[in-house]
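Reviewing the structure listed below.
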Amino acid sequence: MQPAFRYFHADTPIHRLHPLVKIAYVMLTLVLVMYPIRETDMPVLLIWLGLSAVLWTVGRIELRRFATLLKILFGTFIFLILIQGFTYRFGETPLIVIGHLRLWEADLGVITKEGVWFGLVLSVRILVATSALPLFVMTTPTSAIMTAMSKLRVPRTLTFMLVSALSFTSLLFEMWNSIVDAQKLRAFDIDRMNVFKRAFKAYIPIITPLILLLFRKANDFQIAMETKGFGAPVEPTEIEILTTRPADYLWLALIVAVFVGCTVLKFAAW
Amino acid sequence: MEEKVSKGPRSRIGGASIAWITLYGALCGVTGLVPIFPYVGGGGYVPLTTPFCAIAPLLLGPWGGVAAAAVGGVIGMFIAPAAYPLQIVDVFLNAVLPALFVALMVQGDRLWKVTVPLFIVIGIVGWLVPFYVPGEAAGFGKVPEPLYFIMAALYWVPSTIIAATPLGTRLIPQWVRSKNRTQRYGGVFLAIVAAMFVWWLPWTRPYWYLFNFSAELGVATHIAYSWWVPALSAITAVITIPIVEALERSGLPKIEGAIW
């Protein structure tokens, strides 16, 4: 199984799609999730999530690659739903009453229906935002990303840093898990510690070796980059020449149409 | 043994190599998935990215640290959107600003002439926006003064005093690089706490404006966070020093402007 956020080769329409169309999809996703959020936004978000699901399916991206990420996201969703349930300012309908602790404009002893719903809307918004980038980086070779970004006049160094950083995220999860396991073997179990003990004691034996290992890897990475002439004061050539096909325009039209539909649906009720 | 200091070619930013910045940026991005404090009533959380970005200038030098924070912020915006409800604005607020302010504090011997006016401007703008500008006309209600001024001042006046006095212009930059552990803990804590208190003002105001906070709620939020900023800074300092010491012993090439 290929790790998340890393390109995998396959012959699918999404892999063949022009990178600029995929960048447009990522950007429109960002615009959509940046719209001011309201309780009534669920249908809009679900439509865009549906589009993302179609693109993921056509691009043959396996959901199980994101098991770790989804696990963490699930925790975030629970956290958000609970927090919003307890603190949502416009919550009126009590769902669960634990007690009454009036603070500012919310009653912190009551989980409200509107708060839980708003938490759910926020969770779907997060899912929508999270779904865009993996599709782009996992179906587009780095060379094509670099070429597309240079067409958009994004500095090469910046593009290189962003693409590399993304591909290293899965490595970081692996390193984190290895270090946590190694510390558990030494009877240092972070999972059994309370929040305060974790904050002051647990992270040092994990973060210190993590950063040290990370910088050692970075040093090797730097040597590899300089060996290959990164940063040489000459204009680099492009490995991949990008061409547009009619299918690219069709996909772009579909994505823009769904985006316009979502925008109209969202603001029609205002 | 001769000390190796990395600097020079185009594959570096402020002495830190692109590779180091990239990997640290990836770490900052991934830590966006770890919540450390919720945005009450707002729909997001403060991510672990923020303290990691705050210490980036200590590990990678000022420019490298700010660049790593920016990379981490952009990555985090995509993989952990809950931590970035305002998207690109939050990249700046959650990631770049903590790194920038800490960089200014630890370079106080050279940059205090920039730091002090900047902190004053942020303090005054933070006090005025949104409860005076746009103020009552935009539905923000009457401001409970002098309480609000005093609470807002807590977040920038002590930091500005630290930055303007010999503590900021001479001692903190010395202490963070000292071999004496106590001085180092003190220096790192003071640099981070001064930076994070000032950071809190621009970090909160866009949300207050968007969520139409009442002035009373603003005062209450000031009070609620007043314990949190020093606590976060203390935890960050406690985590930072062992990292710095480990890096000193690692034999890795040193970075100009970093504290190890």
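Protein chains in written order, with this note's numbering: chain E, 523 to 792; chain S, 92 to 351.
From the three backbone atoms N, C-alpha and C, an ideal C-beta is built for every residue, glycine too.
This one's a predicted model, so the numbers in the text were calculated from it and none came from an experiment.
Backbone secondary structure at residue i - three-state DSSP
i                      : result
residue 181 of chain S : helix
residue 629 of chain E : strand
residue 128 of chain S : strand
residue 569 of chain E : helix
residue 145 of chain S : helix
residue 790 of chain E : helix
residue 269 of chain S : coil
residue 103 of chain S : strand
residue 624 of chain E : strand
residue 673 of chain E : helix
residue 559 of chain E : coil
CB contact check: residue i to chain E, cutoff 8 Å
i                      : result
residue 148 of chain S : no
residue 98 of chain S  : Low confidence applies to residue 98 of chain S: its pLDDT is 49, below 50, so where it sits in the model is not reliable enough to give any reading.
residue 350 of chain S : no
residue 115 of chain S : yes
residue 102 of chain S : yes
residue 317 of chain S : no
residue 324 of chain S : no
residue 299 of chain S : no
residue 108 of chain S : yes
residue 269 of chain S : no
residue 249 of chain S : no
residue 229 of chain S : no
residue 243 of chain S : no
residue 211 of chain S : no
residue 294 of chain S : no
residue 281 of chain S : no
Listed by chain order, chain C residues near residue i by CB distance under 8 Å
i                      : result
residue 666 of chain E : The structure shown contains no chain C; the protein chains it does contain are E and S.
Same chain, Cβ closer than 7 Å to residue i, neighbours up to 5 away in sequence not counted
i                      : result
residue 581 of chain E : 534, 536, 537, 657 and 661
residue 732 of chain E : 697, 698 and 701
residue 346 of chain S : 97, 106, 107, 151, 152 and 155
residue 670 of chain E : 541, 542, 545 and 764
Chain S contact for residue i (CB, 8 Å cutoff)
i                      : result
residue 738 of chain E : yes
residue 529 of chain E : no
residue 575 of chain E : no
residue 777 of chain E : no
residue 705 of chain E : no
residue 618 of chain E : no
residue 549 of chain E : no
residue 581 of chain E : no
residue 557 of chain E : no
Boundaries of the alpha helix (DSSP H) in which residue i is found, first to last residue
i                      : result
residue 394 of chain S : Because chain S here runs from 92 to 351, residue 394 of chain S falls outside it and cannot be looked at.
residue 642 of chain E : 635-661
residue 216 of chain S : 199-219
residue 616 of chain E : Where residue 616 of chain E is concerned, there is no enclosing alpha helix (DSSP H), although the beta strand (DSSP E) it sits in stretches over 616-619.
residue 598 of chain E : 589-609
residue 255 of chain S : 238-255
residue 356 of chain S : This structure cannot speak to residue 356 of chain S, because chain S is shown only from 92 to 351.
residue 741 of chain E : 726-749
Same chain, Cβ closer than 6 Å to residue i, neighbours up to 5 away in sequence not counted
i                      : result
residue 142 of chain S : 327
residue 184 of chain S : 294
Own chain residues within Cβ distance below 8 Å of residue i, not counting five before or after
i                     : result
residue 99 of chain S : Residue placement at residue 99 of chain S is poorly supported in this model, since its pLDDT is 49, which falls under 50; the coordinates still yield a value, given next. Same-chain partners within the cutoff: there are none.
query: In the stretch 756-773 of chain E, which residues sit with their C-beta less than 9 Å from some C-beta in chain S, listed in chain order?
result: none
task: Compile a chain-ordered list of the residues in the stretch 164-178 of chain S whose CB is closer than 7 Å to at least one CB of chain E.
output: When CB distances to chain E are screened at a threshold of 7 Å, the residues of the stretch 164-178 of chain S falling below it are 165, 166, 169, 170, 172, 173 and 178, in chain order.
- prompt: What residues from the stretch 302-313 of chain S come within 7 Å of chain E, judged by C-beta to C-beta, listed N to C?
  reply: 308 and 311
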